[in-house]
Amino acid sequence: MSPWRLFKPSTLGEDMDWRMATNRTPKCAEIVCPIPWAWLPQRLGLDEDAASSFICLSQMDNFCFRVQIINEMAFVYEPFSLDCSSASLILDWGALEENLTTARYIASKMKGHPFFHTFILPTKKDVWYYIGAQAWTLTRLFPIWKTLGDRVSALRCSVRLAINLSKSKQKVVSRLEVRCCQKLSTQDICQMLDDRVLAQFCVEVSSTSLLAHSQAFGEKLDYRKST
Numbered sequence: 131m132s133p134w135r136l137f138k139p140s141t142l143g144e145d146m147d148w149r150m151a152t153n154r155t156p157k158c159a160e161i162v163c164p165i166p167w168a169w170l171p172q173r174l175g176l177d178e179d180a181a182s183s184f185i186c187l188s189q190m191d192n193f194c195f196r197v198q199i200i201n202e203m204a205f206v207y208e209p210f211s212l213d214c215s216s217a218s219l220i221l222d223w224g225a226l227e228e229n230l231t232t233a234r235y236i237a238s239k240m241k242g243h244p245f246f247h248t249f250i251l252p253t254k255k256d257v258w259y260y261i262g263a264q265a266w267t268l269t270r271l272f273p274i275w276k277t278l279g280d281r282v283s284a285l286r287c288s289v290r291l292a293i294n295l296s297k298s299k300q301k302v303v304s305r306l307e308v309r310c311c312q313k314l315s316t317q318d319i320c321q322m323l324d325d326r327v328l329a330q331f332c333v334e335v336s337s338t339s340l341l342a343h344s345q346a347f348g349e350k351l352d353y354r355k356s357t
């Protein structure tokens with residue numbers, strides 16, 4: 131089977147009101163429970179090796195969707211979130227081979243697990259957020275840039291050079307620069323995105339009919355719904 135068949139063609143339309151962010155949880159999260167990084171192993175009963183794997187996620191400098199899956203729990207490090215009125219996705223950008231490797235990894239872990247108890251660590255946070263039980267679907271989504279409809283402005287890459295980018299694309303380029311420890315220039319990353327050397331990797335997440343599972347798991351984390 132072709133590895134690309136792991137990705138389901140999306141039925142979501144380009145004309146929906148899409149919003150992308152790096153520092154918030156997806157809108158599909160019916161419960162949101164913050165857990166400081168230092169508490170995570172104890173709260174979840176994880177061994178030392180599992181705890182160390184989270185540190186490895188933070189140290190990765192290659193372009194990929196950074197995820198660690200342990201049993202029925204999935205941990206996603208600094209993803210982008212993309213929402214419209216009817217759907218939520220978590221996504222990142224990676225080289226094609228990296229994306230295929232990640233897709234195979236996720237698909238292998240999905241066997242026997244109709245959903246994952248999902249945790250994300252947003253950008254510039256030192257706290258993981260449990261966002262509930264989520265059904266995951268590897269999704270082949272349209273290129274998102276023209277759907278976001280935000281203002282184009284100049285991003286200066288050097289004294290002599292400025293590149294016209296949308297606000298959303300500037301956000302992505304800036305995050306990827308940090309990811310690679312600025313081993314690549316702004317111009318290089320823009321070119322890699324334009325040439326699709328770096329391709330978007332999308333996972334649609336849905337909590338439909340899973341609220342009871344989320345609440346039961348959340349109780350183990352001392353989750354209290356705000357009133």
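In this note's numbering, the protein residues as written are 131 to 357. Think of the CB as a built atom: it goes at the ideal place given N, C-alpha and C, for glycine as much as any other residue. Values in this document were obtained by computation on a predicted structure and should not be read as measured data.
Taking 7 Å as the cut-off, is the C-beta of residue i nearer than that to any heavy atom in the ligand GTP?
i           : result
residue 220 : Although the ligand GTP was asked about, the structure shown includes no ligands whatsoever.
Compare the Cα-Cα distances from residue i to each of the options and report the closest residue.
i           : options            : result
residue 223 : 344, 264, 191      : 191
residue 252 : 137, 152, 140, 139 : 152
residue 183 : 198, 331, 215, 236 : 198
residue 237 : 156, 177, 265      : 265
residue 341 : 306, 313, 245, 273 : 245
residue 297 : 149, 134, 160      : 149
residue 134 : 274, 142, 311, 234 : 234
residue 370 : 138, 201, 186      : Outside the displayed range of the chain (131 to 357) lies residue 370, so it cannot be described from this structure.
What three-state label does DSSP hand residue i in the structure shown?
i           : result
residue 327 : coil
residue 202 : coil
residue 247 : strand
residue 334 : strand
residue 257 : strand
residue 266 : strand
residue 237 : helix
residue 298 : helix
residue 318 : helix
How would you write the range of the alpha helix (DSSP H) that residue i sits in, first residue to last?
i           : result
residue 137 : Note, residue 137: premise wrong, no alpha helix (DSSP H); not H, not E.
Counting only the same chain and skipping the five closest in sequence on each side, list residues whose C-beta sits under 8 Å from that of residue i.
i           : result
residue 167 : 184, 251, 256, 257, 258
residue 219 : 156, 211, 212, 213, 269, 271, 332, 333, 334, 335
residue 144 : 272, 276, 277
residue 232 : 194, 195, 197, 224, 331
Please list the terminal residues of the continuous beta strand (DSSP E) segment that includes residue i.
i           : result
residue 224 : 218-225
residue 183 : No beta strand (DSSP E) contains residue 183, which is instead part of the alpha helix (DSSP H) from 178-189.
residue 171 : It is not in any beta strand (DSSP E) - residue 171 instead sits in the alpha helix (DSSP H) that spans 170-174.
Leaving out the 5 sequence neighbours to the left and right, which residues in its chain are closer than 7 Å to residue i when beta-carbon positions are compared?
i           : result
residue 164 : 257, 259
Quick check on residue i - is its C-beta less than 8 Å from some C-beta in chain D?
i           : result
residue 252 : Absent here is chain D; the protein component of the structure consists of one chain.
In chain order, what residues of the same chain have a beta carbon less than 6 Å from the beta carbon of residue i, not counting five sequence neighbours either side?
i           : result
residue 338 : none
At least 3 beta-carbon pairs within less than 8 Å: the stretch 216-231 vs the stretch 324-335: yes
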